[in-house]
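Contents: one structure, followed by commentary.
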Amino acid sequence: MVNFTILAGGYSTFIATYLFNSDANTLSLLGQFPTGQNPSWIDLHPTNKSILYATNENSDGALQSFFFKQDGSLTAAIGQTSSGGNGPAFAVPLSTGEVAVMNFGSGNGLVVPTQEDPLEFTEGAPLISFPAAVSHPHMALEVGQEVFVPDLIRGMELSGGSENEFLVAAGVAGEAGVVVLRRTQGGADLEIVATNKDVPTRSSFVWLDSD
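Just so you know, this note's numbering puts 47 at position 42 of the sequence shown, and the rest follows in order with no gaps.
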């Protein structure tokens, strides 16, 4: 039996946790843990997989940090800072110890330093502004010493399992919930193997280590 824990953000006031059993092809809701409003994008710290970052995709946007405990629960927000704009739709921790957060609505973003404890943010990062009439920054990609910020694109599925066998994704729309898919035909196709509709459609996902 192989179990995967999946964390899922969404347009709500909580982060959900699921358990996917790859032998039985079942997806079960484990818990709902309170956050700020609309934790639409979540991502793990690159070296400490117990640390989770989440955006609050609101007009007064924010970035939060959480600690994922061994019992499968998530702490209340430990660190919180403004995203510097409207609608932060993406955040990613960088190798420098900073967290890049991009504001889709206001066309700007921040690269937020963290303290010695990466759960705590340092205030005062300069706001990065993009062309207001055309820019909707939707991602930040670190390549070497550079960070690229594309418009209107982001990945919303993360793979897990041996050789990236499985994918987790939001359902098609509305109340479609969460689905886990298996790659078939050498990755050329996908089949749905498990679905859970206990809470409305999620918008971003993190796979944790299997057991």
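Built from N, CA and C at the ideal position, the CB exists for glycine as well. In this text, all values refer to a predicted model and were calculated from it rather than measured experimentally.
query: Just tell me which of Gly-110, Phe-109, Asn-108 and Val-104 has its CA closest to the CA of Thr-119.; result: Val-104
query: Rounded to a whole number of angstroms, what is the C-alpha to C-alpha distance between Gly-110 and Ala-21?; result: 25 Å
query: Spatial neighbours of Arg-159 within its chain, please: C-beta separation below 6 Å, excluding the five flanking residues on both sides.; result: Note on Arg-159: pLDDT 43, under 50, position unreliable in the model; no value is reported.
query: Looking only at DSSP bridge pairs, what is Ser-87 linked to?; result: Ala-67
query: Find the nearest neighbour of Asn-43 within the set Ala-29, His-50, Ser-64 and Leu-57, judged by alpha-carbon distance.; result: Ser-64
query: Pick out whichever of Ala-130, Gly-14, Val-154 and Gln-190 has its Cα sitting closest to the Cα of Leu-79.; result: Gly-14
query: Identify whether Asp-190 lies in helix, strand or coil by the three-state DSSP scheme.; result: Residue identity differs from the one stated: residue 190 is Gln in this sequence, not Asp. In the structure shown, Gln-190 sits in a helix (DSSP, three-state: H, G or I).
query: Leu-24 and Leu-35 - do their beta-carbons sit closer together than 7 Å?; result: yes
query: For Gln-42, report the span of its beta strand (DSSP E) as first-last.; result: Segment: none, Gln-42 is in no beta strand (DSSP E) and carries neither H nor E.
query: Across which residues does DSSP place Leu-115 in a beta bridge pair?; result: Val-106
query: Measuring CB to CB, does Gly-66 end up less than 7 Å from Gly-90?; result: yes
query: Quick one: give me the first and last residue of the beta strand (DSSP E) that Ser-209 is part of.; result: 209-212
query: Which residue wins for smallest C-alpha separation from Pro-131, given the options Ser-100, Gln-37, Val-117 and Thr-200?; result: Val-117
query: Report the option in Val-7, Phe-9, Thr-10 and Ser-17 whose CA atom is closest to the CA atom of Pro-205.; result: Ser-17
query: With distances taken Cα to Cα, identify the nearest neighbour of Pro-155 among Met-107, Asn-26, Pro-123 and Ser-45.; result: Met-107
query: Please name the residue, chosen from Ser-87, Gln-69, Pro-51 and Thr-86, that lies closest to Leu-99 on a Cα-to-Cα basis.; result: Pro-51
query: Would Asn-1 pass as a contact of Ala-199 if the rule is Cβ separation under 7 Å?; result: Residue 1 cannot be examined here, being either before or after the span of the chain that is shown, 6 to 216.
query: Quick one: Cα of Leu-163 to Cα of Leu-195, how far?; result: At Leu-163 the pLDDT is 44, less than 50, meaning the model places this residue with poor confidence; the figure from the coordinates comes in the next sentence. Cα to Cα, Leu-163 sits roughly 14 Å from Leu-195.
query: Span of the beta strand (DSSP E) holding Asn-169?; result: Unbroken run through Asn-169: none, as it is neither H nor E.
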